[in-house]
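Line by line, the protein sequences give chains A and B.
Take the first sequence: its position 93, counted from the start at 1, is 93 in the working numbering, and no numbers get skipped.
Going from the second sequence to the working numbering is simple: count from 1 and add 154.
For glycine and all other residues, C-beta sits at the position ideal for the given N, C-alpha and C.
Just so you know, these numbers come straight off a predicted model, no measurement behind them.
Read the structure below first, then the notes.
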Amino acid sequence: MSAVSSGGTNIAVDVAVGQTRELTLVRDLTRTRIVQYAGASGDFNPVHTDERFAVEAAGYPSVFAHGMLTMGMAGRVITGWFGPESPLRYEARFRTPVFPGATLSARAEVESVDGSAGTATLTLTVTDQHGAVVMTGTAVVRTSAAGGAGSEDK
Amino acid sequence: MTVERFPVEGGHIMMFARAIGDLDPAYHGAMTGAPAIAPPTFVWAADHYDPDSAVRPKPGEPWVGSGSTPSGTGGPEPSDLGLHAEQRFEYHRPVREGDVLSAVDRPGRIWTKEGRRGGVLTFAERVTEYRDQDGEPVVTSTLVTVRTARPVGAAE
Numbered sequence: 001m002s003a004v005s006s007g008g009t010n011i012a013v014d015v016a017v018g019q020t021r022e023l024t025l026v027r028d029l030t031r032t033r034i035v036q037y038a039g040a041s042g043d044f045n046p047v048h049t050d051e052r053f054a055v056e057a058a059g060y061p062s063v064f065a066h067g068m069l070t071m072g073m074a075g076r077v078i079t080g081w082f083g084p085e086s087p088l089r090y091e092a093r094f095r096t097p098v099f100p101g102a103t104l105s106a107r108a109e110v111e112s113v114d115g116s117a118g119t120a121t122l123t124l125t126v127t128d129q130h131g132a133v134v135m136t137g138t139a140v141v142r143t144s145a146a147g148g149a150g151s152e153d154k
Numbered sequence: 155m156t157v158e159r160f161p162v163e164g165g166h167i168m169m170f171a172r173a174i175g176d177l178d179p180a181y182h183g184a185m186t187g188a189p190a191i192a193p194p195t196f197v198w199a200a201d202h203y204d205p206d207s208a209v210r211p212k213p214g215e216p217w218v219g220s221g222s223t224p225s226g227t228g229g230p231e232p233s234d235l236g237l238h239a240e241q242r243f244e245y246h247r248p249v250r251e252g253d254v255l256s257a258v259d260r261p262g263r264i265w266t267k268e269g270r271r272g273g274v275l276t277f278a279e280r281v282t283e284y285r286d287q288d289g290e291p292v293v294t295s296t297l298v299t300v301r302t303a304r305p306v307g308a309a310e
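Encoded structure:
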């Protein structure tokens, strides 16, 4: 897919069942990146932001990422494909905690297309560098009003 | 969570987009002067506008987090907050800079399940309706938390 410019433009996206898109979401996730998300989202829960608390008080191996950081990063594979205003539904299940050092990849696949409604249903899978599935999800997008900035894969 | 006023600002959208690593220009209007669109998970940042948010330190109040001790002093135990198991968003329309949202939530279903490692797992839904300044629905969010007998991923 060629990169397209700026959000808001209306471009029909040709979409067919079985099409896939993959994106590397983050390489070697840092604690600082998790803190950056805490600041932007307002979720400063110390299990995400405070290594000493997470390990010594809460009993985790380390701080871990907000599930919503993974869901937010994975949203790029949807909006980069169909546009920032395309989502009608976006759902995620957080399968296992994501710890610092993780490299995450998202894969989206078109599961069904409703031509008359102008929508498509996608399944999403986010895996780490060991192949473990950390998040699964689904999204329903409008296919007739796409036009996100073309954040090309990788 | 009850949020009476959540003004959707371009600078906040930009910071949120940076945090999720998304450089789509649609989210970075603050840098160019164009009105920004919010990323799909942006309403999660409504915590900033919840005066009673349990996940933000407040001046003069106890906070569970390390200071002179690993756990700080007082406040709710982190396990009381549960872990985020599942999240669903339904979009009635995109969220855009200039919207002034409000959020009201209600409890949803509660169910239990036998976990593989953590004993009995208790799942609970919280449904939040985000509306704009005209009272029109914008996003419906369903949060599912899970509480476990011991921390997931902790050493056996």
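| So which residues of chain A does Ser256/B contact, with C-beta pairs closer than 8 Å? | Here the premise fails: no neighbours, minimum Cβ distance about 16 Å.
| request: Return helix, strand or coil for Arg181/B, following the three-state DSSP convention. | output: Before going further, note that residue 181/B is Tyr rather than Arg in the sequence given. The answer is helix: DSSP assigns Tyr181/B an H, G or I state.
| In its own chain, which residues sit with a C-beta less than 6 Å from the C-beta of Ala155/A, not counting the 5 before and 5 after it? | Coverage of chain A is limited to positions 1 through 154, which leaves residue 155/A absent and any answer about it impossible.
| task | List the DSSP bridge partners of Ile264/B. | result | In DSSP, Ile264/B forms a bridge with Ala278/B.
| task | Note down, in chain order, all residues in the stretch 112 to 145 of chain A with a beta-carbon under 7 Å from any beta-carbon belonging to chain B. | result | Correct list: empty, as no residue qualifies.
| query | If contact means a Cβ-Cβ distance below 7 Å, which residues of the stretch 190 to 222 of chain B contact chain A? | reply | Those residues of the stretch 190 to 222 of chain B placed with their C-beta closer than 7 Å to a C-beta in chain A are Ile191, Pro193, Pro194, Thr195, Trp198, Ala199, Asp201, His202, Ser207, Val209, Arg210, Pro211, Val218, Gly219 and Ser220, ordered along the chain.
| By how many angstroms is the C-alpha of Gly18/A removed from the C-alpha of Val274/B? | The alpha-carbon of Val274/B is positioned some 38 Å away from that of Gly18/A.
| field | Same chain, Cβ closer than 6 Å to Asp204/B, neighbours up to 5 away in sequence not counted | value | Cβ neighbours of Asp204/B beyond the five flanking positions: Met155 and Val157.
| query | Which of the three DSSP states, helix, strand or coil, is assigned to Val26/A? | reply | In the structure shown, Val26/A sits in a strand (DSSP, three-state: E or B).
| request: Can you have a look at Ser105/A and say buried or exposed, based on whether 16 or more other CB atoms are within 10 angstroms of its CB? | output: Ser105/A is buried by the Cβ-count criterion.
| task | Just grab the DSSP bridge partners of Val126/A for me. | result | Answer is Ala106/A and Met135/A, bridged to Val126/A.
| said: Can you list, in chain order, the residues of its chain with a C-beta nearer than 6 Å to that of Gly67/A? Leave out the 5 residues immediately preceding and following it. | reply: Around Gly67/A, the same chain offers Phe94 as residues with beta carbons nearer than 6 Å, after the five sequence neighbours per side are excluded.
| task | Report the three-state DSSP secondary structure of Glu158/B (helix, strand or coil). | result | Looking at Glu158/B - three-state DSSP - the assignment turns out to be strand.
| field | Length of the line joining the Cα atoms of Thr79/A and Thr223/B | value | About 43 Å.
| message | With three or more beta-carbon pairs closer than 8 Å as the criterion, would you say the stretch 102 to 121 of chain A touches the stretch 20 to 32 of chain A? | response | Output reads yes: the stretch 20 to 32 of chain A touches the stretch 102 to 121 of chain A.
| Taking Cβ to Cβ, would you say Val47/A is nearer than 9 Å to Ala40/A? | Going by C-beta atoms, Val47/A is not nearer than 9 Å to Ala40/A.
| message | Does any residue of chain A have a CB that is nearer than 9 Å to the CB of Gly175/B? | response | It does; some Cβ of chain A falls within 9 Å.
| query | Relative to chain B, which residues along the stretch 41 to 63 of chain A have a C-beta separation below 7 Å, given in chain order? | reply | Listed by position along the chain: Ser41, Gly42, Asp43, Phe44, Asn45, Pro46, Val47, Asp50, Arg52, Phe53, Glu56, Ala57, Ala58, Gly59, Tyr60 and Pro61.
| Where in the stretch 28 to 111 of chain A do unbroken runs of the alpha helix (DSSP H), each at least 4 residues long, occur, reported from the N-terminal end onward? | Counting whole runs of 4 or more residues, the stretch 28 to 111 of chain A contains the alpha helix (DSSP H) stretches 31 to 41, 46 to 49 and 67 to 82.
| field | Under the three-state DSSP convention, the category His238/B falls into | value | DSSP, read as helix, strand or coil, puts His238/B in strand.
| query | In the stretch 82 to 94 of chain A, which residues sit with their C-beta less than 7 Å from some C-beta in chain B, listed in chain order? | reply | Residues of the stretch 82 to 94 of chain A with a Cβ closer than 7 Å to any Cβ of chain B, in chain order: Pro84, Glu85, Pro87, Leu88, Arg89, Tyr90, Glu91, Ala92, Arg93 and Phe94.
| task | Run down chain B in chain order and give the residues with a C-beta less than 8 Å from the C-beta of Gln19/A. | result | Taking the beta carbon of Gln19/A as reference, no residue of chain B falls within 8 Å; the closest one sits roughly 20 Å away.
| From the DSSP output, which residues share a beta bridge with Ser295/B? | For Ser295/B, which the question treats as bridged, DSSP gives the partners Phe243/B and Thr282/B.
| Between the beta-carbon of Ile167/B and the beta-carbon of Met73/A, is there less than 9 Å? | The answer is no: Cβ separation not under 9 Å.
| task | Let me know the secondary structure DSSP gives Val254/B once reduced to three states. | result | DSSP places Val254/B in strand when its eight states are reduced to three.
| With DSSP run on the structure shown, which of helix, strand or coil describes Ala120/A? | Taken through DSSP and simplified to helix, strand or coil, Ala120/A comes out as strand.
| query | Would you say Met185/B reaches chain A, if we count a Cβ-Cβ gap shorter than 9 Å as a contact? | reply | So no, Met185/B is outside the interface.
| Grouping DSSP H, G and I as helix and E and B as strand, with all else coil, what is Val141/A? | Here Val141/A sits in strand by DSSP.
| field | Inter-residue spacing [alpha-carbon to alpha-carbon] between Glu310/B and Thr302/B | value | Because the pLDDT of Glu310/B is 36, which lies under 50, any placement of that residue in the model is unreliable, and the question is left without a value.
| Mind checking whether Glu244/B and Arg89/A have CB atoms under 9 Å apart? | Going by beta carbons, Glu244/B and Arg89/A fall inside the 9 Å limit.
| request: Starting from Glu244/B, find everything on chain A with Cβ-Cβ shorter than 7 Å and list it in chain order. | output: Ordered by position in chain A, the residues that pass the 7 Å Cβ test against Glu244/B are Arg89.
| field | Delimiting residues of the alpha helix (DSSP H) encompassing Arg172/B | value | It spans Gly164 to Ala173 - the alpha helix (DSSP H) in which Arg172/B sits, taken as one unbroken run.
| Distance, Cα to Cα, Arg248/B vs Ala16/A? | Note that residue 248/B is Pro in the sequence shown, not Arg. Pro248/B and Ala16/A have their alpha carbons spaced roughly 24 Å apart.
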